[in-house]
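The first sequence maps to residues 38 to 472 in our numbering. For glycine and all other residues, C-beta sits at the position ideal for the given N, C-alpha and C.
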Amino acid sequence: VFSYNILIRGFCVNGELEKALDFFNQMEKNGCSPNLVTFNTLIDAYCKLGGIDKAFRLFRSLSKRELRPNLVTYNAILNGLCREGRMKETGAVVDEMISKGLIPDKVTYNTLVNGYCRQGNVHQALVLHAEMVRKGVAPNVITYTSLIGSMCRDGNLHRAMELVGRMRERGLCPNEVTYTTLIDGFCKQGFLDDAYAVLKEMVEIGFLPSIVTYNSIINGHCLLGKMNEAMGIIQDMKVKGLVPDVVTYSTIVSGYCKNGDLEKAFSVNQEMIEKGVLPDSVTYSSLIRGLCEQKKLTDACDLFKKMLSSGLHPDEFTYTTLIDGYCKEGDIKKAFHLHEEMLQRGILPDVVTYSVLINGLSKQARTREAKQLLFRLYYEDSVPDNITYERLMDHCCDREFKSVVSLMKGFCMKGLMTEADRVFESMLERNWGPS
RNA sequence: UCCUCAAUGGGUG
38 VFSYNILIRG FCVNGELEKA LDFFNQMEKN GCSPNLVTFN TLIDAYCKLG
88 GIDKAFRLFR SLSKRELRPN LVTYNAILNG LCREGRMKET GAVVDEMISK
138 GLIPDKVTYN TLVNGYCRQG NVHQALVLHA EMVRKGVAPN VITYTSLIGS
188 MCRDGNLHRA MELVGRMRER GLCPNEVTYT TLIDGFCKQG FLDDAYAVLK
238 EMVEIGFLPS IVTYNSIING HCLLGKMNEA MGIIQDMKVK GLVPDVVTYS
288 TIVSGYCKNG DLEKAFSVNQ EMIEKGVLPD SVTYSSLIRG LCEQKKLTDA
338 CDLFKKMLSS GLHPDEFTYT TLIDGYCKEG DIKKAFHLHE EMLQRGILPD
388 VVTYSVLING LSKQARTREA KQLLFRLYYE DSVPDNITYE RLMDHCCDRE
438 FKSVVSLMKG FCMKGLMTEA DRVFESMLER NWGPS
């Protein structure tokens with residue numbers, strides 16, 4: 038069983054879930070019953086590869102095999118929910134585990150703390166942090182690193198540094214990941230000096246900067262348009278024996294695109310291929326965006342096709358990039374065609390996609406279509422439920438559009454009286470006045 | 001130490 042488990046895990050971390058399942062089936066045939074660890078491995082893999090429903094299915098099937106889920110099982114499921122931003126559903130899962138006599142442990146709390154952090158809800162994360170202290174589950178470096186990361190994402194580097202102090206008071210030392218989190222935080226704000234100061238400290242303490250550390254620093258330079266320096270860092274890391282990976286190259290590619298230097302972007306793209314580092318969908322999206330920005334939509338489309346033919350799967354980022362390109366060109370028809378296409382591929386548009394489309398329509402003074410689209414957002418079950426009025430309003434700039442939304446709001450309020458639609462109800466609860 | 005938790009690249013504004 039151990040050997041099979043190890044094998045299955047290997048395929049899982051490689052994203053080769055089918056092969057993992059082959060072995061899973063094979064072990065049964067060979068009279069080797071999968072145990073809880075086998076299931077946990079698969080459940081975790083499903084969660085990470087975005088198939089949380091399948092994870093749940095496996096989870097429910099445990100009982101038929103007289104296997105009882107343990108803490109690891111629940112933690113994996115919770116992590117799956119957190120990754121999808123489905124924090125609301127975590128409460129029920131935690132209740133269920135408690136009802137089965139399982140006490141949430143450090144991993145459980147860390148998973149949830151990180152989930153809230155990623156969602157931008159530092160407050161709730163801190164509440165959980167306090168709860169774990171209260172319940173005698175001591176926070177560890179991972180807990181603090183999650184919290185520090187979320188302060189960094191808020192641009193609140195002071196609070197992040199304060200937290201480092203607080204963890205030290207508890208006798209915890211920042212590790213390589215913690216330091217990298219801080220370095221990345223400073224880099225994203227453009228404070229390269231501070232980033233280097235942290236780097237210096239981490240090296241003095243004896244940690245070796247990882248490829249992630251380097252990639253963060255490279256990104257920091259790219260964001261400031263310091264492309265030559267960024268390229269120079271690649272040399273530094275090679276000297277240190279680190280091999281640039283797809284993230285390193287994509288960072289550079291994206292940097293050149295953002296700085297309008299498509300030539301260089303494509304030559305780096307070429308270089309990575311020559312070095313055996315294959316571009317992924319992120320690399321392609323960056324290049325596609327670069328082309329769109331320069332109004333080279335035909336090239337963008339060709340590149341998109343090339344991406345498909347090389348077996349890569351486009352995602353909502355790829356499509357939104359292209360859609361935005363066409364919207365900005367005023368080619369709304371093509372934009373909606375792409376929207377159709379992504380749906381057909383089973384890729385769900387998200388808030389940004391819809392914002393792009395709606396802004397595209399309203400720029401064309403086609404408020405009627407914008408209105409219709411908004412109606413669909415509210416009425417259809419098929420749209421992702423994380424699209425809310427506020428988020429849409431947040432993302433839409435056009436005055437005219439805002440007035441359309443206001444009008445819509447009025448309609449929806451009336452709709453509430455007759456249809457008791459849950460969405461409308463929540464609108465009322467939020468007490469929206471006329472805007 | 002057969003399984004679960006933290007850091008890096010792409011989309012609108």
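Neighbourhood of N261 by C-beta, 8 Å cutoff - its chain only, sequence neighbours within 5 removed | Against the first sequence, residue 261 aligns to sequence position 224. According to the sequence shown, residue 261 is Leu rather than Asn. Same-chain partners within the cutoff: G227 and L229.
Contacts around M344, its chain only, beta-carbon distance under 6 Å, and the 5 residues preceding and following it disregarded | Here residue 344 corresponds to residue number 307 of the first sequence, with the count starting at 1. The answer, listed in chain order, is Y321.
What residues in its chain sit with their C-beta under 8 Å from that of L340, if we drop five residues either side in the sequence?
-> As a first step, residue 340 is located in the first sequence; it is residue number 303 there, counting from the start. Cβ within range, chain order: Y321, L324, I325 and L328.
In terms of alpha-carbon separation, which member of E366, K66, D132 and L118 lies closest to Q156?
-> Locating residue 156 in the first sequence gives position 119, where the first residue counts as 1. The option with the nearest alpha carbon to Q156 is L118.
Going by Cα to Cα distance, which pick from K332, K237 and A82 is closest to C294?
-> Counting from 1 along the first sequence, the entry for residue 294 is found at position 257. Of K332, K237 and A82, the residue nearest in Cα terms is K332.
Identify the continuous alpha helix (DSSP H) that holds N256 and give its terminal residues.
-> Indexing the first sequence from 1 puts residue 256 at position 219. Per DSSP, N256 belongs to the alpha helix (DSSP H) from I248 to L260.
Mind checking F39: buried by the 16 CB within 10 Å criterion, or exposed?
-> Within the first sequence, residue 39 is the residue found at index 2, counting from 1. F39 comes out exposed.
Roughly how many angstroms lie between the CA atoms of P386 and C84, to the nearest whole one?
-> Along the first sequence, read from residue 1 onward, the residue named residue 386 stands at position 349. Along the first sequence, read from residue 1 onward, the residue named residue 84 stands at position 47. So the alpha carbons of these two residues sit roughly 20 Å apart.
Quick check: the segment 90-101 against the segment 59-71, are there 3 or more CB pairs under 8 Å?
-> no
Out of L349, D132, N193 and R382, point me to the one whose CA is closest to C224's CA.
-> Numbered from its first residue, the first sequence carries residue 224 at position 187. The option with the nearest alpha carbon to C224 is N193.
Can you give the Cα-Cα distance for N212 and V178, rounded to whole angstroms?
-> Sequence index remark: in the first sequence, residue 212 carries index 175 (1-based). Sequence index remark: in the first sequence, residue 178 carries index 141 (1-based). Going by the C-alpha atoms only, they are around 7 Å apart.
Residue range of the alpha helix (DSSP H) that R94 falls in?
-> Numbered from 1 along the first sequence, position 57 holds the residue referred to as residue 94. Counting along the chain, the alpha helix (DSSP H) containing R94 begins and ends at I89 to S98.
Keeping to the same chain, check which residues put their C-beta closer than 6 Å to that of D231; ignore five residues upstream and five downstream.
-> Start at 1 with the first residue of the first sequence, and residue 231 comes out as number 194. Counting only Cβ-Cβ distances below 6 Å, and skipping sequence neighbours, we find F223.
Pull up the distance between the alpha-carbon of M239 and that of Y216, whole angstroms please.
-> The residue labelled residue 239 in the question sits at position 202 within the first sequence. The residue labelled residue 216 in the question sits at position 179 within the first sequence. Spanning the two alpha carbons is a distance of roughly 7 Å.
Go to M64, then tell me how far its alpha helix (DSSP H) extends in each direction, as first and last residue.
-> Counting from 1 along the first sequence, the entry for residue 64 is found at position 27. Taken as a continuous stretch (DSSP letters only), the alpha helix (DSSP H) holding M64 covers L54 to K66.
Give the DSSP-derived three-state secondary structure of R196 in the structure shown.
-> Position 159 of the first sequence holds residue 196. If DSSP states are grouped into helix, strand and coil, R196 belongs with the helices.
Inter-residue CB distance, L394 and A372 (contact presumed, cutoff 8 Å) = Numbered from 1 along the first sequence, position 357 holds the residue referred to as residue 394. Numbered from 1 along the first sequence, position 335 holds the residue referred to as residue 372. Their Cβ separation, rounded to whole angstroms, is 6 Å, which keeps L394 and A372 in contact under 8 Å.
Taking all protein chains shown into account, decide if D273 is buried (16 or more other Cβ within 10 angstroms of its Cβ) or exposed.
-> In the first sequence, the residue the question calls residue 273 occupies position 236. Exposed.
Identify which residue in A234, R413 and L209 has its Cα closest to the Cα of D221.
-> Locating residue 221 in the first sequence gives position 184, counting from the first residue. Looking from the CA of D221, the closest CA among A234, R413 and L209 belongs to A234.
Where I140 sits in the DSSP three-state scheme | Along the first sequence, read from residue 1 onward, the residue named residue 140 stands at position 103. Coil.
Could you tell me the distance, in whole angstroms, from the CA atom of P106 to the CA atom of M64?
-> Walking along the first sequence from the start, residue 106 turns up at place 69. Walking along the first sequence from the start, residue 64 turns up at place 27. Their backbone Cα atoms lie some 20 Å apart in a straight line.
Between the beta-carbon of L398 and the beta-carbon of G362, is there less than 7 Å?
-> To locate residue 398, count along the first sequence from 1; it is residue 361. To locate residue 362, count along the first sequence from 1; it is residue 325. At a Cβ-Cβ threshold of 7 Å, L398 and G362 do not count as neighbours.
DSSP-derived helix/strand/coil call for S347 | Locating residue 347 in the first sequence gives position 310, where the first residue counts as 1. Residue state, collapsed to three classes: coil.
Secondary structure at N306, three-state DSSP: helix, strand or coil?
-> Taking the first residue of the first sequence as position 1, residue 306 is located at position 269. Note: N306 maps to helix in three-state DSSP.
Measuring alpha carbon to alpha carbon, tell me which of V170, E241 and N158 ends up nearest R207.
-> Your numbering for residue 207 matches position 170 in the first sequence. Nearest C-alpha to R207: V170.
Under 7 Å between the Cβ atoms of T78 and N116?
-> Your numbering for residue 78 matches position 41 in the first sequence. Your numbering for residue 116 matches position 79 in the first sequence. Taking 7 Å as the Cβ cut-off, T78 and N116 do not qualify as a contacting pair.
Please determine, among A197, F48, E300 and K312, the residue with the shortest C-alpha to C-alpha distance to Y286.
-> One-based indexing of the first sequence puts residue 286 at position 249. Checking every option, the nearest Cα to that of Y286 belongs to K312.
Classify Q331 as helix, strand or coil using the three-state DSSP reduction.
-> Counting from one through the first sequence, the residue named residue 331 turns up at place 294. Under the three-state reduction of DSSP output, Q331 falls in the coil class, being neither helix nor strand.
Tell me whether R1 sits in a helix, a strand or coil according to DSSP, three-state version.
-> Only positions 38 to 472 of the chain appear in the structure, and residue 1 is not among them; the question remains open.
Give, in chain order, every unbroken run of the alpha helix (DSSP H) that is at least 4 residues long and sits entirely within the segment 116-180.
-> 127-136, 143-155 and 159-171
Can you tell me which of the three DSSP states R190 falls into?
-> Numbered from 1 along the first sequence, position 153 holds the residue referred to as residue 190. Three-state result, R190: helix.
State buried or exposed for S392, treating a residue as buried only when at least 16 other CB atoms are found within 10 Å of its CB.
-> Counting from one through the first sequence, the residue named residue 392 turns up at place 355. S392 should be labelled buried.
Residue from R190, L184 and T288 whose Cα sits closest to the Cα of M204 = Counting from 1 along the first sequence, the entry for residue 204 is found at position 167. It is L184 whose Cα lies nearest to the Cα of M204.
So what does DSSP say about I220, is it helix, strand or coil?
-> As a position in the first sequence, residue 220 is number 183, starting the count at 1. Three-state result, I220: helix.
Using the C-alpha atoms, what's the distance from D132 back to Y111?
-> Your numbering for residue 111 matches position 74 in the first sequence. Your numbering for residue 132 matches position 95 in the first sequence. Their backbone Cα atoms lie some 11 Å apart in a straight line.
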